[in-house]
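**Q**
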Amino acid sequence: MSERGIQWFRFTAPANFYDLAGRLIPWFAALTVALFGVGLYMGLVVAPSDYQQGDSYRIIYIHVPTAWMGMFLYVLMAVYAAIGLIWRIKIAEIMAKSIAPTGALFTFLALWTGALWGRPTWGVFWVWDARLTSMLLLLFLYLGYMALHAAIDDRQRASNASAVLAMVGVVNVPIIYFSVHWWNTLHQGASITVTEAPTMAMIMFVTLMIMVLAAWMYSIAVVLARARVELLERERTAHWVRERLEGERG
Amino acid sequence: MMEFLAMGGYAPYVWGSYLVMAGLLVVEMMQLRYRRRSLMNWIRRMARLRAQEEKR
Amino acid sequence: MFRPLLALLRRDLTLALRRPQDALTVVGFFVVVVALFPLGIGPDPEFLRSLAPGVLWVAALLAVMLSLERLFSDDYRDGTLEQMLLVPEPLGLLVLTKIFAHWLITGLPLVLISPLLAVQLNLRPDEILILMAALLLGTPILSLIGAIGAALTLGLRGGGVLIALLILPLYAPPLILGAGAVDAVMHGASAQAHLSLLGAMMVFALFATPWATAAAVRIMLD
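Residue numbers (the working numbering), protein chains in the order written: chain A, 1 to 250; chain B, 1001 to 1056; chain C, 2001 to 2222.
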């Protein structure tokens, strides 16, 4: 391939990424289905109900994975954004942009499941618990990132500007987390905090980890798929796009 | 079976969580699929137009 | 080295003094928002007192946020900002100077007017002193962080609303610490921890944010 000269070389990276992602997505999708299948069966059927919270505790199997993914994906997004901004790597920019909607979705789900878990546990849908509050602020950070990306028409400028925002955000996430925790411990009035049972039964722990893994696989598959579409949109007139469309349908 | 669905009296909360999550994930995937499809159609239409032009 | 920065500072202040209504609008907004709160929640003095730190701080950060759009937009429109990219002085320092001027015009008046509003909300003298100290440390943070948002929304339609979405989540830490300082004194505790953390945050923001703002300005003018 290297003999074909410089013009081909320029398109190798996006085209290669497109092909590689296309080959990987089915595997991650299959893993997602399998892990969610096993995890849901174990979480909803096999695992015994909690002696204090009854069956309502089963929300933990989706609350914790969604909350973790929400946080991890933000950091990952900022890392890709930084790589894209500093080394001008197009694929990294695309990955950062593709991660945002999935991250925001998981953050929202963490809040949603947290509220539905809170109702039977504390009697109210929402308490200004430190974790819930920081998740809410994280959701706002995601929304700001996506809004800024959408507001700027020029594609390169949009990626660069939102990359700066993502990096500012990721520096702020620990500060926000710390200050919210501090605020929460000072205001003793609302000192109910979500804590998982300290001695979690083995089966619960294993199930939880399976669900976490499933959420990871889902995120990877969806983010890669979105990055592929994003890449096609940017390079819709490139030669390699037409070449590949001859081959596949759908 | 009914017992399973009742979730020990916590059905609205447990199923409200799981179903909303499942629903939103499906929506995300469908949206992605729709976006990909319309993009593919656009690219194909453009290719067809170009082919016609070359024929002329 | 510092002469151009001083000239820039003098210029920004002169421009602001020529159009004092801009700065006065921000102070007016602050006063009106605080005055509306008792109408919404009732005149009970004790209740108002307990809400005062939060009300004053939220009003202050909304007022600062409203003023942010003007931080760079005039210079952006008449091309001055583009000229700044060509000056030998580092853009970060120029940006910092502009932020300082912005704080003198909007942040400082808020600090100075806050005792008046605090008295209306029944805060005691020692609490008012802490409130002013917290605002003195906190409003620069608001201007510094806000500058990033102002730079990132340069030349965008609906930039003002977007700034709010970008910046308000980042205002959570100074809000917590600032309102918390007054709250601590109210409950007979010391506000020292709050104030030193607020100070630390300000020093950090002083070093980190001009750099990010300069990067954002470069990107948006690119």
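Positions of the beta carbon are idealized from the N, C-alpha and C atoms, including for glycine.
Going by Cα to Cα distance, which pick from C/A2133, C/R2077, C/N2122 is closest to C/A2111?
**A** Taking the first residue of the third sequence as position 1, residue 2111 of chain C is located at position 111. First, the residue type needs correcting, since residue 2111 of chain C is Val and not Ala in the sequence shown. The residue with the shortest Cα to Cα distance from C/V2111 is C/A2133.
**Q** DSSP state of C/D2044, grouped into three classes?
**A** What you label residue 2044 of chain C is simply residue 44 of the third sequence in a count that begins at 1. C/D2044: coil per DSSP, three-state reduction.
**Q** By the three-class DSSP mapping on this structure, what secondary structure does A/F11 have?
**A** The residue given as residue 11 of chain A occupies position 11 in the first sequence. Low per-residue confidence applies at A/F11: pLDDT is 43, beneath 50, and the placement is therefore not dependable enough to give any value.
**Q** Quick one: does A/W216 have its CB under 7 Å from some CB of chain B?
**A** Stepping through the first sequence from its first residue, residue 216 of chain A is reached at position 216. Output row for A/W216: interface = no.
**Q** Closer than 7 Å, Cβ to any Cβ of chain B: which residues of the region 228–242 of chain A, in chain order?
**A** Listed in sequence order: V229, L232, E233, R236, V241, R242.
**Q** Starting from the Cα of A/G169, find the closest Cα among A/Y74, A/Q53, A/V46, A/Y218 and give me that residue.
**A** Within the first sequence, numbered from 1, the residue matching residue 169 of chain A stands at position 169. Ranking the options by Cα distance to A/G169, first place goes to A/Y74.
**Q** Near A/T107, which residues of its chain fall below 7 Å by C-beta distance, leaving aside the five closest residues on each side in sequence?
**A** Here residue 107 of chain A refers to the residue found at position 107 of the first sequence. Here the set comprises G70, M135, L138, L139, Y142.
**Q** Give every residue of the same chain whose Cβ lies closer than 8 Å to the Cβ of C/L2093, excluding the five residues on either side of it in the sequence, and list them in chain order.
**A** For the purposes of this step, residue 2093 of chain C is identified with residue 93 of the third sequence, where counting begins at 1. Closer than 8 Å at the Cβ level, and outside the excluded window around C/L2093, lie L2005, P2210.
**Q** Do the CB positions of A/G114 and A/H63 come within less than 7 Å of each other?
**A** Indexing the first sequence from 1 puts residue 114 of chain A at position 114. Indexing the first sequence from 1 puts residue 63 of chain A at position 63. Result yes, Cβ atoms of A/G114 and A/H63 sit closer than 7 Å.
**Q** A/S191: buried (16+ other C-beta within 10 angstroms of its C-beta) or exposed?
**A** Locating residue 191 of chain A in the first sequence gives position 191, where the first residue counts as 1. Summary for A/S191: the model assigns pLDDT 38, below 50, so the residue's position carries little reliability, and this model does not support an answer.
**Q** How far does the alpha helix (DSSP H) with A/W128 in it reach, from first residue to last?
**A** As a working note, residue 128 of chain A is residue 128 in the first sequence. Unbroken run through A/W128: none, as it is neither H nor E.
**Q** Using a Cβ cut-off of 7 Å, pull out every chain A residue sitting near C/L2166, in sequence order please.
**A** Here residue 2166 of chain C is taken as the residue at index 166 of the third sequence, counted from 1. Correct list: G144, L148, L165.
**Q** Taking a cut of 9 Å between CB atoms, which residues from the region 1002–1020 of chain B lie near chain A?
**A** Taking 9 Å as the Cβ-Cβ cut-off against chain A, the residues of the region 1002–1020 of chain B that qualify are F1004, A1006, M1007, G1008, G1009, Y1010, A1011, P1012, Y1013, V1014, G1016, S1017, Y1018, V1020.
**Q** At a cut of 8 Å, does the region 123–134 of chain A reach the region 2184–2197 of chain C through at least three beta carbon pairs?
**A** As far as the Cβ criterion goes, the region 123–134 of chain A does not touch the region 2184–2197 of chain C, which means the pair count is below three.
**Q** Using 10 angstroms around the beta-carbon of A/T193, count the other beta-carbons present and answer buried if the total reaches 16, otherwise exposed.
**A** In the first sequence, the residue the question calls residue 193 of chain A occupies position 193. In this predicted model, A/T193 has a pLDDT of only 45, less than 50, meaning its place in the structure is not dependable enough to derive any value.
**Q** Identify, in the order they occur along the chain, each residue of the same chain with its Cβ nearer than 8 Å to the Cβ of B/G1016, setting aside the five sequence neighbours on each side.
**A** As a position in the second sequence, residue 1016 of chain B is number 16, starting the count at 1. So no residue of the chain qualifies.
**Q** Keeping to the same chain, check which residues put their C-beta closer than 6 Å to that of C/W2057; ignore five residues upstream and five downstream.
**A** Counting from one through the third sequence, the residue named residue 2057 of chain C turns up at place 57. The residues are L2175, G2178, A2179.
**Q** Would you say B/R1036 faces chain A, with C-beta separation under 7 Å as the test?
**A** Within the second sequence, the letter at position 36 stands for residue 1036 of chain B. Judged by the 7 Å Cβ criterion, B/R1036 is in contact with chain A.
**Q** Between the Cα of A/L224 and the Cα atoms of B/R1056, B/R1036, B/N1041, which residue gives the shortest distance?
**A** Along the first sequence, read from residue 1 onward, the residue named residue 224 of chain A stands at position 224. Residue B/R1036 is the option with its Cα nearest to A/L224.
**Q** Mind checking which residues open and close the alpha helix (DSSP H) that includes C/V2185?
**A** For the purposes of this step, residue 2185 of chain C is taken as the residue at position 185 of the third sequence. 2172–2186 is the span of the alpha helix (DSSP H), which, as asked, contains C/V2185.
**Q** Since A/W226 and A/S56 should fall inside the 8 Å C-beta cutoff, what is the C-beta to C-beta distance between them, to a whole number of angstroms?
**A** On the first sequence, residue 226 of chain A is found 226 positions in, with the first residue counted as 1. On the first sequence, residue 56 of chain A is found 56 positions in, with the first residue counted as 1. One point to set straight first is that residue 226 of chain A is Arg, not Trp, in the sequence displayed. Contact doesn't hold; Cβ gap of about 34 Å is too wide.
**Q** Of all Cβ atoms in chain C, is any one closer than 7 Å to the Cβ of A/F17?
**A** As a working mapping, residue 17 of chain A is identified with position 17 in the first sequence. Taking Cβ atoms only, chain C never reaches closer than 7 Å to A/F17, which makes this a no.
**Q** Considering only residues of the same chain and omitting the five flanking positions on each side of A/M77, which have a CB-CB separation below 7 Å?
**A** Stepping through the first sequence from its first residue, residue 77 of chain A is reached at position 77. Here the set comprises A96, I99, A100, G103, A166.
**Q** Let me check understanding here. Comparing Cα to Cα, which of B/I1043, B/A1047, B/L1019 lies closest to A/L231?
**A** Position 231 of the first sequence, counted from the start, is the residue given in the question as residue 231 of chain A. Looking at the Cα atoms, B/I1043 is the closest of the given residues.
**Q** Going by the CB atoms, is the gap between C/V2055 and C/E2127 shorter than 7 Å?
**A** Here residue 2127 of chain C refers to the residue found at position 127 of the third sequence. Here residue 2055 of chain C refers to the residue found at position 55 of the third sequence. Against a cut-off of 7 Å, the Cβ pair of C/V2055 and C/E2127 comes out as no contact.
**Q** Starting from C/D2126, trace the alpha helix (DSSP H) both ways and give me its first and last residue.
**A** Residue 2126 of chain C sits at position 126 when you count from the first residue of the third sequence. Element bounds for C/D2126: 2125–2152.
**Q** Whole angstroms is fine: what's the gap from C/L2009's alpha carbon to C/L2198's?
**A** Within the third sequence, the letter at position 9 stands for residue 2009 of chain C. Within the third sequence, the letter at position 198 stands for residue 2198 of chain C. Straight-line Cα distance between these residues: approximately 25 Å.
**Q** Spatial neighbours of C/V2087 within its chain, please: CB distance less than 8 Å, with the 5 preceding and 5 following residues excluded, ordered by chain position.
**A** Counting from one through the third sequence, the residue named residue 2087 of chain C turns up at place 87. Closer than 8 Å at the Cβ level, and outside the excluded window around C/V2087, lie P2004, L2094.
**Q** Under 9 Å between beta-carbons, which chain B residues line up against A/L116? List them in chain order, please.
**A** Counting from 1 along the first sequence, the entry for residue 116 of chain A is found at position 116. The answer, in chain order, is P1012, Y1013, V1014, G1016, S1017, V1020.
**Q** Let me see if you follow: with CB-CB separation under 7 Å, is C/L2156 close to chain A or not?
**A** Taking the first residue of the third sequence as position 1, residue 2156 of chain C is located at position 156. True, the Cβ-Cβ gap to chain A drops below 7 Å.
**Q** How far does the alpha helix (DSSP H) with A/T207 in it reach, from first residue to last?
**A** Locating residue 207 of chain A in the first sequence gives position 207, where the first residue counts as 1. Counting along the chain, the alpha helix (DSSP H) containing A/T207 begins and ends at 202–234.
**Q** To which residues does DSSP link A/A50 through a beta bridge?
**A** By 1-based counting over the first sequence, the position of residue 50 of chain A is 50. First, the residue type needs correcting, since residue 50 of chain A is Asp and not Ala in the sequence shown. In the DSSP output, where bridge partners are listed per residue, A/D50 has A/G54.
**Q** Can you list the residues of chain B that A/G54 reaches, using a CB-CB cut of under 9 Å?
**A** Along the first sequence, one-based indexing puts residue 54 of chain A at 54. Going along chain B in sequence order, the residues near A/G54 (Cβ under 9 Å) are M1007, G1008, G1009, Y1010.
**Q** Under the assumption that C/L2066 contacts C/F2100 (Cβ atoms under 8 Å), give the Cβ distance between them as a whole number of angstroms.
**A** For this step, residue 2066 of chain C is matched to residue 66 along the third sequence. For this step, residue 2100 of chain C is matched to residue 100 along the third sequence. So it is not a contact: roughly 19 Å between Cβ atoms.
**Q** Indicate whether at least one CB of chain A lies closer than 7 Å to the CB of B/A1047.
**A** Within the second sequence, the letter at position 47 stands for residue 1047 of chain B. It does; some Cβ of chain A falls within 7 Å.
**Q** Would you say C/P2115 lies against chain A (beta-carbon separation less than 7 Å)?
**A** In the third sequence, counting from the first residue as 1, residue 2115 of chain C sits at position 115. Output row for C/P2115: interface = no.
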